[in-house]
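Enquirer:
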Amino acid sequence: MVKYLDLHKLNARFEAAFKAEFNDLIIESQYILGNKVITFETEFAQYCGASHCLGVGNGLDALTLILKGYVHLGKLNPGDHVIVPANTFIATILSVIHAGLKPILVEPSLQTYNLTAEGIKSHLNEQVKAIIIVHLYGQLADPYITTLAKTNNLLLIEDAAQAHGAKNRDNSMAGAIGDAAAFSFYPSKNLGALGDGGAVTTNDKELFNRVALLRNYGSHKKYINETIGVNSRLDSLQAGILSIKLKQLNNDNEKRRTIAQRYLKQISNDKIILPFVEVQQAHVFYAFVVRVENREVFMSYLEKYHVGFVIHYPIAPHQQNALKDFNSVHLPITETIHNTCISIPLNPIMSDEEVTYVINTLNRY
Ligand SMILES: Cc1ncc(COP(=O)(O)O)c(C=O)c1O
695 MVKYLDLHKL NARFEAAFKA EFNDLIIESQ YILGNKVITF ETEFAQYCGA SHCLGVGNGL
755 DALTLILKGY VHLGKLNPGD HVIVPANTFI ATILSVIHAG LKPILVEPSL QTYNLTAEGI
815 KSHLNEQVKA IIIVHLYGQL ADPYITTLAK TNNLLLIEDA AQAHGAKNRD NSMAGAIGDA
875 AAFSFYPSKN LGALGDGGAV TTNDKELFNR VALLRNYGSH KKYINETIGV NSRLDSLQAG
935 ILSIKLKQLN NDNEKRRTIA QRYLKQISND KIILPFVEVQ QAHVFYAFVV RVENREVFMS
995 YLEKYHVGFV IHYPIAPHQQ NALKDFNSVH LPITETIHNT CISIPLNPIM SDEEVTYVIN
1055 TLNRY
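Read left to right, the sequence shown gives residues 695 to 1059 (my numbering).
1. Can at least three beta-carbon pairs, one atom from the region 889-909 and one from the region 817-835, be found at a separation below 8 Å?
2. Would you kindly work out how many angstroms separate the C-alpha atoms of Gly768 and His1000, rounded to a whole number?
3. From the DSSP output, in three-state form, read off Pro1011 for me.
4. Is the closest heavy atom of ligand 1 to the C-beta of Tyr880 under 7 Å?
5. Pick helix, strand or coil for His702, following the three-state DSSP scheme.
6. Tell me, please, which residues DSSP counts as bridged to Asp853.
7. So, under 8 Å CB-CB, Ala1010 and Glu1029 are touching, yes? Tell me the CB distance rounded to an integer number of Å.
8. Beta carbon of Gly794, beta carbon of Val765: below 8 Å?
9. Following the continuous alpha helix (DSSP H) through His1060, name the residue where it begins and the one where it ends.
10. Using the rule of at least 16 other Cβ atoms within 10 Å of the residue's Cβ for burial, across every protein chain shown, is Ile825 buried or exposed?
11. Identify the residues that DSSP records as bridge partners of Ala893: which are they?
12. DSSP three-state label for Leu636, please.
13. Distance check for Asp718 and Gly832, CA to CA, integer angstroms please.
14. Can we count Asp853 as close to ligand 1, meaning its CB is less than 7 Å from some heavy atom?
15. In whole angstroms, what separates the C-alpha of Cys1035 from that of Leu830?
16. Is Leu727 helix, strand or coil by DSSP?
17. Hey, is Thr782 close to ligand 1, as in C-beta under 7 Å from one of its heavy atoms?
18. In whole angstroms, what is the alpha-carbon distance linking Tyr957 and Ile1053?
19. Suppose you measure from the CA of Lys703 to the CA of Met1044; what does that come to, to the nearest Å?
20. Return yes when at least one heavy atom of ligand 1 lies under 7 Å from the C-beta of Ala785, else no.
21. What are the complete beta strand (DSSP E) segments, minimum 3 residues, inside the region 949-988?
22. Based on Cα-Cα distance, which residue from Thr952, Ala711, Glu715, Leu759 lies nearest to Ala876?
23. Alpha carbon to alpha carbon, how far is Gly1002 from Asp700? Give it in angstroms, no decimals.
24. For Gln833, name the three-state secondary structure that DSSP assigns.
25. Go ahead and label Tyr725 buried or exposed: buried means 16 or more other beta carbons lie within 10 angstroms of its beta carbon, across all protein chains shown.
26. Cα-Cα, which of Ile784, Pro779, Asn781, His792 is closest to Gln773?
27. By the DSSP assignment, the alpha helix (DSSP H) with Leu799 in it spans what residues?
28. Expressed to the nearest angstrom, what Euclidean distance is found between the alpha-carbon atoms of Arg950 and Phe979?
29. For Ile967, which of Ala1016, Tyr995, Lys730, Phe982 has the nearest alpha-carbon?
30. For Ser926 versus Gly751, is the C-beta spacing smaller than 8 Å?
31. Excluding five sequence neighbours on each side, which residues of the same chain lie with their C-beta closer than 6 Å to the C-beta of Arg985?
32. Measure the alpha-carbon distance for Met993 versus Asn963 and round it to whole angstroms.
33. So for Ile791, helix, strand or coil by DSSP?
34. To which residues of the same chain is Phe970 closer than 8 Å at the C-beta, ignoring the five residues directly before and after it?
35. Let me check you understand the geometry: is the CB of Val828 closer than 7 Å to at least one non-hydrogen atom of ligand 1?
36. Ligand 1 and Asn808: does the residue's C-beta get closer than 7 Å to at least one heavy atom of that ligand?
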C-alpha cells in the first residue's frame, strides 16, 4: 500500500524541534506578529530572493491582499480585468473577485498546464491591467510572460502556492519573478505549516507597506486605523514551525525531483500521459499529475492495488456553482485537463520500494 501523502510521517521528522518551538513560544509569549513571524519573514524573503515578505493567514488572503494593495495604491481600479489561468485552483479566481476586479479566464497549454505568453496575447486589451500566473503543480509558468507583462505595462502577480523553491534558468525563484507573489503554507504544500498560513513576497516597497497595513486592521500602530483592513496574520507558532521546515525545503524538493525522474523514465504505458518537464529546477513537483482516458476505471485499478491518488481538480472553476457567471463558457483544454488528470503519490518521505511499487503498478495497468 502506498498512501498519497502521509502528513503524520512527513512532520514526524521535525517532532522534537516542533516541541522545542512550542515551549519557546510559551516562554516568549509573543503570540501575534512577534519575533517568530519577523524571523520567518526575513528568512523566506531571503530564500526567494525577494526584498520583502509578509506572513498572512493563508494563500487566498495573500493573493487578495496583493490585489487590494494595488487597488489602494491606484495601480489597479475597481472593475479592471485580470488574466488568470482557467484551470487553476479556485482561490486564484476568488481573490480577483474579492478585490473587486474581473477575472479573465485564459486556457493553459495542454503540454505544461500553465499559461503561456502566446496564449495570453489575444486576450490583451485596454481593460486588462494585470496577469496572475499560477505555477501549477510546482512548475514555473512560461518565463516569456514576464517580458509580455513589462512590454504591455501590466502588473505580474505570481500564485506560487504550489511552487516554493522552483527556480528559472536565470536562477530567479518563485516569489521573485513578478511584481508580487502569494504563497500558501497549507499542510500538504512543499513548505507546509501545521494549520493555515500564507505569505506575500515582493520587491515593491510601496506594496509591502500597504499589505502590512491591510493584513493588520489597516493599522501600523495599535488602535490607530489608517484604512479599511482585515485580520490576516501568520500565526506565530506556524511561523516558528515554518522556519524549522524551511531548512529542509531544498532537500525535500531534490527528493521530489529524484522520484519524478524515476517516474518519467520508468513509467511506460501508452494509456498514461506523463507530465512535460522542460527545466528540472523549474519544477518542484508539488504534484505529479498524469492524464488518462476513462479516469474512473484507472481510479478503481489504483484502489484495487492500494495506490493513493488525488485529483487536482475534479471540476473546472468555470463549471462550479460558485462561479455561475462563467458556467456557459466553453474552455476545451481546461475541461480536458479536469476530466483526465490524476495525481499519483510523490512526496519526500516515500521509500524507494514505494516508488518502485507505484511504477510497477502503473506499468501493469
Ligand atoms: C494554486 C493555489 N492557489 C491558491 C491556494 C490557496 O491557498 P490557501 O488554501 O492557503 O488559502 C492554493 C492552495 O490551496 C493553491 O493550490
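Idealized CB from N, CA, C, for every residue including glycine.
Predicted model only: the values in this text are computed from it and were never measured.
Expert: Quick answer:
1. Taking a contact to require three or more Cβ pairs closer than 8 Å, the region 889-909 and the region 817-835 do not qualify as touching.
2. Spanning the two alpha carbons is a distance of roughly 53 Å.
3. Pro1011: helix per DSSP, three-state reduction.
4. Yes, ligand 1 has a heavy atom inside 7 Å of this Cβ.
5. Three-state result, His702: helix.
6. Paired residues: Val828, Ala876.
7. About 6 Å separates the two Cβ atoms, so the contact holds.
8. In contact: Gly794 and Val765 (Cβ atoms closer than 8 Å).
9. The structure shown does not extend to residue 1060, since the chain is modelled only from 695 through 1059, so no value can be given for it.
10. With 16 or more Cβ atoms within 10 Å of its Cβ, Ile825 is classed as buried.
11. In the DSSP output, where bridge partners are listed per residue, Ala893 has Gly749, Phe877.
12. The displayed coordinates of the chain run from 695 to 1059. Any statement about residue 636 would go beyond what the structure contains.
13. When rounded, the distance between both Cα atoms is 33 Å.
14. Asp853 Cβ: within cutoff of ligand 1.
15. Straight-line Cα distance between these residues: approximately 13 Å.
16. Leu727 sits in coil when the DSSP states are folded into three classes, being neither helix nor strand.
17. Yes, since a heavy atom of ligand 1 falls inside the 7 Å radius drawn around the Cβ of Thr782.
18. Answer to the nearest angstrom: the Cα atoms are 7 Å apart.
19. Their backbone Cα atoms lie some 10 Å apart in a straight line.
20. In this structure, Ala785 has its CB closer than 7 Å to one or more heavy atoms of ligand 1.
21. For the region 949-988, the full-length beta strand (DSSP E) segments reaching 3 residues or more read 982-985 along the chain.
22. Looking at the Cα atoms, Leu759 is the closest of the given residues.
23. Asp700 and Gly1002 have their C-alpha atoms spaced approximately 10 Å apart.
24. In the structure shown, Gln833 sits in a strand (DSSP, three-state: E or B).
25. It is exposed - the Cβ of Tyr725 has fewer than 16 other Cβ atoms within 10 Å.
26. Gln is not the amino acid found at residue 773; the sequence shown has Gly there. Comparing Cα-Cα distances from Gly773 to each of Ile784, Pro779, Asn781, His792, the minimum goes to His792.
27. Counting along the chain, no alpha helix (DSSP H) covers Leu799; the unbroken beta strand (DSSP E) around it starts and ends at 796-800.
28. In a straight line, the C-alpha of Arg950 is about 6 Å away from that of Phe979.
29. It is Phe982 whose Cα lies nearest to the Cα of Ile967.
30. Against a cut-off of 8 Å, the Cβ pair of Gly751 and Ser926 comes out as a contact.
31. Shown here for Arg985: same chain residues with a beta carbon closer than 6 Å to its own, the five before and five after excluded, namely Ile967, Thr1034, Cys1035 in chain order.
32. C-alpha separation (whole angstroms): 16 Å.
33. Ile791 falls in the helix class under three-state DSSP.
34. Excluding residues up to 5 positions away in sequence, Gln805, Thr806 lie with their Cβ nearer than 8 Å to the Cβ of Phe970 in the same chain.
35. Because some heavy atom of ligand 1 lies under 7 Å away, the Cβ of Val828 counts as near it: yes.
36. Every heavy atom of ligand 1 is 7 Å or more from the Cβ of Asn808, so no.
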